[in-house]
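Trainee: Just so you know, the protein sequences line up as chains C and Y, in that order. So the number in our numbering is just where the residue sits in the first sequence, counting from 1, plus 56. So the number in our numbering is just where the residue sits in the second sequence, counting from 1, plus 21. All residues carry an ideal CB built from backbone N, CA and C; glycine is no exception.
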Amino acid sequence: GQQLNQSPQSMFIQEGEDVSMNCTSSSIFNTWLWYKQDPGEGPVLLIALYKAGELTSNGRLTAQFGITRKDSFLNISASIPSDVGIYFCATRRGSQGNLIFGKGTKLSVKP
Amino acid sequence: AAGVIQSPRHLIKEKRETATLKCYPIPRHDTVYWYQQGPGQDPQFLISFYEKMQSDKGSIPDRFSAQQFSDYHSELNMSSLELGDSALYFCASSLVVTGGLIEQYFGPGTRLTVT
């Protein structure tokens, strides 16, 4: 079935560093989404991408929809302790919109 | 702004018991999705409803059923609970608009523990 390959699985960085994570698939998608999940909470939508090549920012976060429509990346600049959490890429499967997720990138930030 | 509401937030049940999880979508949202997230896993789609009709079905066990009511809230009914059903259960809601849909917003989840 359709699968999203997200990497890295985990990251340990110093506060102030930039972070980059990506998501790839063998299938073409029309939407790429990035969510952040804090422990025991629901995923929160960070950025939504709808067009190949699209580059979108949300504060210190920047995400791009790959030209091939098979990948996306998320960058976080100047990380801070509250960036800690699990970041999921996701895309919609079918016209009804149910989501499939990558396995997540667990981000830890050392002050 | 109003968010998705789920109740209860925590639930402890014994094997073979039943459980009912409730979801109240964001006002005016017409689509509800249910996801299951095991420990250390990504959320897995279970089932969705659009305008009170089932719109899609994922990896939902036959022991589970769900429905969306006239006020758009949804309930996930789980019977003959098994230890493996222990997980976080999320509800998400969205709105179908001309040309697409508003992205899904997730509730805080219900943590179900089966002992």
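Counting only beta-carbon atoms, is PRO60(Y) nearer than 7 Å to chain C?
Mentor: Answer no: the Cβ-Cβ gap between PRO60(Y) and chain C never drops below 7 Å.
Trainee: Under 7 Å Cβ-Cβ, which residues of chain Y neighbour LEU155(C)?
Mentor: What LEU155(C) touches in chain Y: PHE66 and GLN125.
Trainee: With 7 Å set as the bound, which would you pick, yes or no: does the beta-carbon of SER69(Y) sit closer than that to a beta-carbon of chain C?
Mentor: Yes, SER69(Y) lies at the interface with chain C (some Cβ there is under 7 Å from its Cβ).
Trainee: Residue range of the beta strand (DSSP E) that PHE163(C) falls in?
Mentor: It should be noted that the sequence gives Leu, not Phe, for residue 163(C). 161–166 is the extent of the beta strand (DSSP E) around LEU163(C).
Trainee: Can you pull the chain Y residues whose beta carbon is under 7 Å from the beta carbon of ALA104(C), in chain order?
Mentor: The contacting residues are GLU124.
Trainee: For LEU104(Y), count neighbouring Cβ atoms within 10 angstroms of its own Cβ and tell me buried if that reaches 16, exposed if not.
Mentor: Classification for LEU104(Y): exposed.
Trainee: Measuring CA to CA, which of LEU105(C), SER76(C), PHE144(C) and PHE68(C) is closest to GLY61(Y)?
Mentor: It is PHE144(C) whose Cα lies nearest to the Cα of GLY61(Y).
Trainee: Note down the Cα distance separating LEU102(C) from TRP90(C), rounded to an integer number of angstroms.
Mentor: Taking the straight line from one Cα to the other gives about 6 Å.
Trainee: Among residues of its own chain, excluding the 5 on either side of THR134(Y), which ones have a beta-carbon nearer than 8 Å to its beta-carbon?
Mentor: Hits under 8 Å: HIS31, LEU32, ILE33, LYS34 and SER107.
Trainee: Nearest chain C C-beta to PHE85(Y) closer than 7 Å, yes or no?
Mentor: So no, PHE85(Y) is outside the interface.
Trainee: Tell me, to the nearest whole angstrom, how far the beta carbon of VAL165(C) is from that of GLU71(C); I am working on the premise that it is less than 8 Å.
Mentor: Going by Cβ atoms, the distance from VAL165(C) to GLU71(C) rounds to 5 Å, so yes, they are a contact pair.
Trainee: Which residues share a DSSP beta bridge with GLY141(C)?
Mentor: BP columns for GLY141(C) point to LEU163(C).
Trainee: Let me make sure I understand the geometry here. Which of GLU73(C), PHE68(C), ILE69(C) and MET77(C) has the alpha-carbon closest to that of GLN62(C)?
Mentor: Checking every option, the nearest Cα to that of GLN62(C) belongs to MET77(C).
Trainee: Enumerated in chain order, which unbroken segments of the beta strand (DSSP E) with a length of 3 residues or greater are wholly contained in the stretch 30–83 of chain Y?
Mentor: Those beta strand (DSSP E) runs which fall completely within the stretch 30–83 of chain Y and span 3+ residues are 31–34, 40–45, 52–58, 65–71 and 74–78.
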